[in-house]
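In this note's numbering, the protein residues as written are 2 to 403. Worksheet: one structure, shown below.
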């Protein structure tokens, strides 16, 4: 009669599984946290009350890739500005990719972002309409902003990475004047490498506004732009960053936590199901959509803007002071207990997001600022405006959902 053999007996005689893991360098122990498969406690880029109430989340999760989509003028920029303010206040380095070249520094700084204006002498042309003479004078103007952040627009990306030929992996003699998608990935890799090498001793929060606003290297070299080229380049250039380098920073063994929040341009696909309602699709393919293991928020309506204009009116003068929009979590892959998907209203103002129950207090607190603008308009028409003359109205946007 054969003797019964216990499963695993052979391995146990040689020291067991723990000994084998130790031998090949996979042992997890209090003395070796370099090998870690456990996440740090959940951390957030803290957002204001309006965001909290609408989404039931504290903010955007750290160590994840998240995305914000929606039509123009629905509140995406206000939300991304709050992300930048939160990153800076919480001790991280905001890395801004402004490929829409539309950064409103005053708006961002009014919301609490810290940036110092840098002044320099600029040549200014002065035209005399009577003589037709043009003279050049020097004026001291703001030429940029500096502080605890890193900023790239298309020009700065091309200046730094314009010699990269992404089809061959070699350097070209002539520098591109146009930034491409791959430049952003190259910049992110460079910063993450600098962090690994000890040159940067803070966590990084990458913010891109926006996916879909810049073409790929292959499209740049082609006589015509091609969306398939752009989608393919996003997949090749960003896969390692999105699926490995950012998520791995959540591990206990990682000294710094890195995060990405991107705005994505959207389009409506009416061809996939011609008899159904159009589907919202994100620009530059679905790489970012599938790589977003944090949250994806849709701002505004699903097939149109779906917003209201908030205005102060007095004696025929109108001052727009905000918009009422809505935000919905359309994808959430966070761990329990954060696996929730809510939607609710938000109000975007010159001072950031507020909730509907904060609107009355906001109107009272900032009415003097509104009145100054109304007075400038009214005085031009020979009118004098006082606080008693002002009424607040909500006006449906012309592009509403039905």
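C-beta: ideal position from N, C-alpha, C; glycine also.
- Message: If I follow the unbroken beta strand (DSSP E) through residue 249, where does it start and stop?
- Response: Premise fails: residue 249 is in no beta strand (DSSP E) and is neither H nor E.
- Query: Thinking C-beta only, is residue 81 closer than 8 Å to residue 264?
  - Reply: Going by C-beta atoms, residue 264 is nearer than 8 Å to residue 81.
- Message: Can you tell me whether residue 38 is buried or exposed? The criterion is at least 16 other CB atoms within 10 Å of its CB, across all chains shown.
- Response: Exposed: under 16 other Cβ atoms inside 10 Å.
- Using the Cα positions of residue 136 and residue 119, report the straight-line distance between them to the nearest angstrom. Cα to Cα, the separation comes out at about 25 Å.
- Message: Based on DSSP bridge pairs, tell me the residues matched to residue 350.
- Response: For residue 350, which the question treats as bridged, DSSP gives the partners 323 and 353.
- Taking all protein chains shown into account, do 16 or more other C-beta atoms lie within 10 angstroms of the C-beta of residue 275, making it buried, or fewer, making it exposed? Under this definition residue 275 is an exposed residue.
- Item | Element boundaries [alpha helix (DSSP H), containing residue 156] | Segment 155-162, the alpha helix (DSSP H) holding residue 156.
- Query: Any idea what DSSP makes of residue 101, helix, strand or coil?
  - Reply: DSSP places residue 101 in coil when its eight states are reduced to three.
- Message: Assuming residue 259 and residue 193 are in contact, meaning their beta carbons sit under 8 Å apart, how far apart are those beta carbons, in whole angstroms?
- Response: With a Cβ gap of about 7 Å, residue 259 and residue 193 count as contacting.
- Could you give the residue range of the beta strand (DSSP E) that holds residue 191? Counting along the chain, residue 191 falls outside any beta strand (DSSP E), though it belongs to the alpha helix (DSSP H) covering 182-197.
- Note down the Cα distance separating residue 45 from residue 62, rounded to an integer number of angstroms. Approximately 5 Å between the Cα atoms of the pair.
- Item | Any alpha helix (DSSP H) of 4 or more consecutive residues that is wholly inside the stretch 109-173 | Every alpha helix (DSSP H) stretch that sits fully inside the stretch 109-173 and reaches 4 residues is listed by chain position as 155-162.
- Task: Please classify residue 308: is it buried, with 16 or more other beta-carbons within 10 angstroms of its beta-carbon, or exposed?
- Result: Result: buried.
- Message: Taking 8 Å as the threshold (C-beta atoms), are residue 327 and residue 346 in contact?
- Response: Taking the C-beta atoms as reference points, residue 327 is found nearer than 8 Å to residue 346.
- Cβ contact check for the stretch 277-287 and the stretch 222-233: 3 or more pairs under 8 Å: Counting Cβ pairs under 8 Å, three or more are found: they touch.
- Task: Take residue 250 and list the residues in its own chain whose beta-carbon comes closer than 6 Å to its own, dropping the five residues that flank it on each side.
- Result: Close CB contacts of residue 250 within its chain, under the 6 Å cut and outside five residues either way in sequence, are with 64, 258 and 259 (chain order).
- Would you kindly work out how many angstroms separate the C-alpha atoms of residue 357 and residue 304, rounded to a whole number? Looking at the two C-alpha atoms, the distance is approximately 23 Å.
- At least 3 beta-carbon pairs within less than 8 Å: the stretch 289-301 vs the stretch 64-76: Counting C-beta pairs with one atom in each stretch, the stretch 289-301 and the stretch 64-76 have three or more that are closer than 8 Å, which means they touch.
- Message: Is the separation between the beta-carbon of residue 111 and that of residue 299 shorter than 8 Å?
- Response: Their beta carbons are not under 8 Å apart, which means residue 111 does not touch residue 299 by this criterion.
- Query: On the premise that residue 235 lies in contact with residue 319, defined as a C-beta separation below 8 Å, what is that separation, rounded to the nearest angstrom?
  - Reply: That belief does not hold up - the Cβ atoms of residue 319 and residue 235 are roughly 42 Å apart, past 8 Å.
- Tell me whether residue 11 sits in a helix, a strand or coil according to DSSP, three-state version. With a pLDDT of 49 at residue 11, under the threshold of 50, the predicted position of this residue should be treated as unreliable, and no value is reported.
- Does the separation of the CB atoms of residue 85 and residue 58 fall below 8 Å? In this structure, residue 58 does not lie closer than 8 Å to residue 85 by Cβ.
- Would a C-beta distance cut-off of 8 Å place residue 316 and residue 390 closer than the cut-off? Yes.
- Assuming residue 297 contacts residue 252 under a Cβ cut-off of 8 Å, what Cβ separation, rounded to an integer in Å, is found between them? The C-beta distance from residue 297 to residue 252 rounds to 23 Å, too long to meet the 8 Å contact threshold.
- Message: For residue 397, which residues in the same chain have their Cβ closer than 7 Å to its Cβ, ignoring the five residues on either side in sequence?
- Response: 309.
- Would residue 72 pass as a contact of residue 354 if the rule is Cβ separation under 8 Å? No, the pair does not count as a contact, with Cβ atoms beyond the cut-off.
- Query: With a CB to CB cut of under 8 Å and the five nearest residues on each side skipped, what residues in its chain are close to residue 393?
  - Reply: Hits under 8 Å: 311, 312, 313, 314 and 364.
- On the three-pair Cβ rule with 8 Å, is the stretch 123-132 touching the stretch 149-163? Output reads no: the stretch 149-163 does not touch the stretch 123-132.
- In chain order, which continuous runs of the beta strand (DSSP E) of length 3 or greater are located wholly inside the stretch 275-325? DSSP runs (the beta strand (DSSP E)) wholly in the stretch 275-325: 280-283, 296-300 and 309-315.
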